[in-house]
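Chemist: The structure's right below; bear with me while I get my questions together.
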Amino acid sequence: MKIFVVNAGSSSLKYQVMDMDNETMLVKGNVERIGIAGSFIKQKRPDGVTYEVSKDLENHSQALQMVFDAITDEKCGVIKSLDEIGAVGHRVLHGAEDFTESVVVTEEVLKICDKNTEFGPLHMPANVGCIRACIALMPNTPQVAVFDTTFHSTMEKKAYLYAIPYDLYINYKIRKYGFHGTSHNFISHEAMKYLGNDKAKIITCHLGNGASIAAVDAGVCKDTSMGFTPLEGLVMGTRSGNIDPAAVEFARKKLGLKAEEVVNFLNKKCGVLGITGKTSDFRDLAEMIENGDEQAKLALDMFAWRIREYIGAYSVALGGVDAIVFAGGIGENNAAARELVLEGCEVFGAKIDKEKNKVASTGNIEDVTAKDSKVRILIIPTNEELMIARDTLRLVSQN
Ligand code: ADP
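Position one of the sequence shown corresponds to residue 16 (the numbering used here), numbered consecutively onward.
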C-alpha cells in the first residue's frame, strides 16, 4: 500500500509518499511560507529528480493541492492519480489525555482535536486543517492521526503531575505530556531490536532544534523531559528548557515584557541562541568553537550538562540502563556533543568509544560503545515518517 505522510507546522508542510510493501520512501518534499508571501514547494525523489514551484499560498488546503500536483506530476511525480494512495498518516502535535494511541480520523476525532487547540495554538489548527483538506480532496481515503504525545501517555501520575494545586490538573489538564513521541517510540524499538532484548531499559536522546530525552522500559515510556509544552527540559536551539519561574518573572520586569510575550521569549530567544547571542544552529556552534569563541563552548557545555543531569536521573528512575540512544540532527551528526554528554557516565558503566564516535552519519545504526562499557551507546537515525506510515498501515489494515 502507498501511504501519504503529512507533517504540518504553522507555516510549513513536510510530506512523503511511502511504499509500505517494502517500507521505501518514494518521494519527499516540503512547502514553506504558507500564509506568508513567497511560498514555495521543493520535492525530491531518491533518484535525484527534483520539482520546485513558487506561488503564494493562503492556507494549508492550497498547499496540499500544490503537493498533490507535485506528487502526480508526469515527469517528477511518483503516482498517476491520488487513487493510488491507500491511506494518509498525519502527524498531530497534541493528543492531550483524549488519545493514548494513534486513531483513524472520524468527525468525533476532529471535534476533540478542535477542543485541544488550546494546548497547541500554533500547530493544532494547521494539523486539523490539513486533515480536513485531505478529507475534502480524497473523501474515500482513510486518514489516520498520529500524535506526538501518545508514546508518553504511559507515564505514571508521579512522573507527569506538576506540584501545583491538584484542581489545576483536574479542571484544566495542566500536566506534563511530552513530545517527539513518534521519534522516541521509533528509536527505542529499533534499539530493542538491535539489542535483541525486548525488556531493555533505554534512554533515548532526540537532539534536534527541539530536543528531548525519554526513559523507556521494555518499550514503555516512564518519563520524558518536555512538559505541558515543548519548552520544558533540555537546553535547545532557541528554547531555555528548565528555568526557575521566579527568574522568568524577574527577567520579564527587567525587560519590560508583557505577560503574553514571555513564553515567546523563552521559546525563540533563549537556549543556545541566548547564550551565544549569534546562532541556534549546532553547525555554526562547532565552527565558532573551533575559532575559539568562548560563549559557543559554554553553550555546548550547558547543552551537554543538562542532558547528563537527565541521563543520571533516568538511569535511577529505570533502575539501570542497557542503552543510551542518540538521534536527531545533533544526536546523529555532532560527535563532540555526544562525547561531552557521555563524560562522567562511566560512573554507571556507560563509556563511549571516542574513535568510533567520530563516525559520519551513514543512515544506519552505529554502535559507538567502548569495549569495557556495560551500557550500549547507539546512534539511531530517527524516521518519524516511517513510524507514522507503519501506524497508519496497522490501523487501516485492522478496519
Ligand atoms: P528539527 O528539530 O528542526 O527537526 P533537526 O533534527 O534537523 O531539527 O536538527 C537540527 C540541528 O542539527 C541543527 O542545530 C543543525 O546544526 C544540526 N545538524 C543537522 N545536520 C547536521 C550535520 N550534518 N552536521 C552537524 N550538525 C547537523
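Beta carbons are placed, not taken as given, at the ideal position from N, Cα and C, and that holds for glycine.
#1: Please report how far the alpha carbon of VAL42 lies from the alpha carbon of PHE318, in whole angstroms.
#2: Nearest by alpha-carbon distance to ASP36: which of ILE100, ARG48, GLN80, ASP88 is it?
#3: Looking at the structure shown, is VAL411 part of a helix, part of a strand, or coil, going by DSSP?
#4: Please report the Cβ distance between VAL250 and GLY286, rounded to the nearest whole angstrom; I am assuming they are in contact, meaning their Cβ atoms lie under 8 Å.
#5: Give me the DSSP bridge partner(s) of PHE162.
#6: Buried or exposed: which applies to ARG298, given that a residue is buried once 16 or more other Cβ atoms fall within 10 Å of its Cβ?
#7: Does the distance between the C-beta of PHE297 and the nearest non-hydrogen atom of the ligand ADP fall short of 7 Å?
#8: By the DSSP assignment, the beta strand (DSSP E) with MET33 in it spans what residues?
#9: Give a yes or no on contact between the stretch 228 to 235 and the stretch 328 to 340, applying the rule of three or more CB pairs nearer than 8 Å.
#10: With a threshold of 7 Å, establish whether the CB of GLY344 neighbours any heavy atom of the ligand ADP.
#11: Helix, strand or coil: which one does DSSP assign to GLU205?
#12: Got a sec: does the ligand ADP put a non-hydrogen atom nearer than 7 Å to the Cβ of GLY335?
#13: Counting C-beta neighbours from all protein chains within 10 Å, is the total for GLU247 16 or more, i.e. buried, or is it exposed?
#14: Measure the alpha-carbon distance for ALA52 versus THR197 and round it to whole angstroms.
#15: When DSSP builds the beta bridges, which residues end up paired with PHE280?
#16: THR39 bridges to which residues according to DSSP?
#17: Using CA atoms only, rank isn't needed, just tell me which of ILE367, LEU72, PRO180 is closest to VAL340.
#18: By Cβ distance below 7 Å, which residues in the same chain neighbour ALA141 in space, the five residues on each side in sequence not counted?
#19: Which residue spans inside the stretch 180 to 249 form an unbroken alpha helix (DSSP H) run of at least 4?
#20: Compute every distance between the C-beta of ASN22 and the non-hydrogen atoms of the ligand ADP, then say whether any falls below 7 Å.
#21: Determine the extent of the beta strand (DSSP E) in which ASN22 is found, giving its start and end residues.
#22: Pick out whichever of GLU354, ARG48, VAL362 has its Cα sitting closest to the Cα of LYS371.
#23: Using alpha carbons as the reference points, say which of ARG323, GLU399, LYS389, GLU264 lies closest to LEU210.
Modeler: On the basis of the data shown:
#1: Per the coordinates, the alpha-carbon of VAL42 lies some 34 Å from the alpha-carbon of PHE318.
#2: That would be ILE100, whose Cα lies nearest to the Cα of ASP36.
#3: In the structure shown, the three-state DSSP call for VAL411 is helix.
#4: Under the criterion of beta carbons closer than 8 Å, VAL250 and GLY286 qualify as touching, at roughly 5 Å.
#5: Under DSSP, PHE162 forms a beta bridge with VAL107.
#6: Exposed is the call here.
#7: PHE297 Cβ: within cutoff of the ligand ADP.
#8: Residues 28 to 34.
#9: Result yes; three or more Cβ-Cβ pairs closer than 8 Å.
#10: Yes.
#11: Helix, per DSSP.
#12: Outside the cutoff, so no.
#13: Buried, by the Cβ-count rule.
#14: Those two C-alpha atoms are separated by around 32 Å.
#15: The beta-bridge partner set that DSSP reports for PHE280 is empty.
#16: DSSP lists ASP34 as partners of THR39.
#17: If we check each option's Cα against that of VAL340, ILE367 comes out closest.
#18: Closer than 7 Å at Cβ, skipping near neighbours: ALA23, GLY24, SER25, HIS75.
#19: DSSP runs (the alpha helix (DSSP H)) wholly in the stretch 180 to 249: 181 to 187, 196 to 210.
#20: False, no ligand heavy atom lies under 7 Å from that Cβ.
#21: Its beta strand (DSSP E) spans residues 17 to 23.
#22: Considering only GLU354, ARG48, VAL362, the residue with the shortest C-alpha distance to LYS371 is GLU354.
#23: Comparing alpha carbon positions, the residue from ARG323, GLU399, LYS389, GLU264 closest to LEU210 is LYS389.
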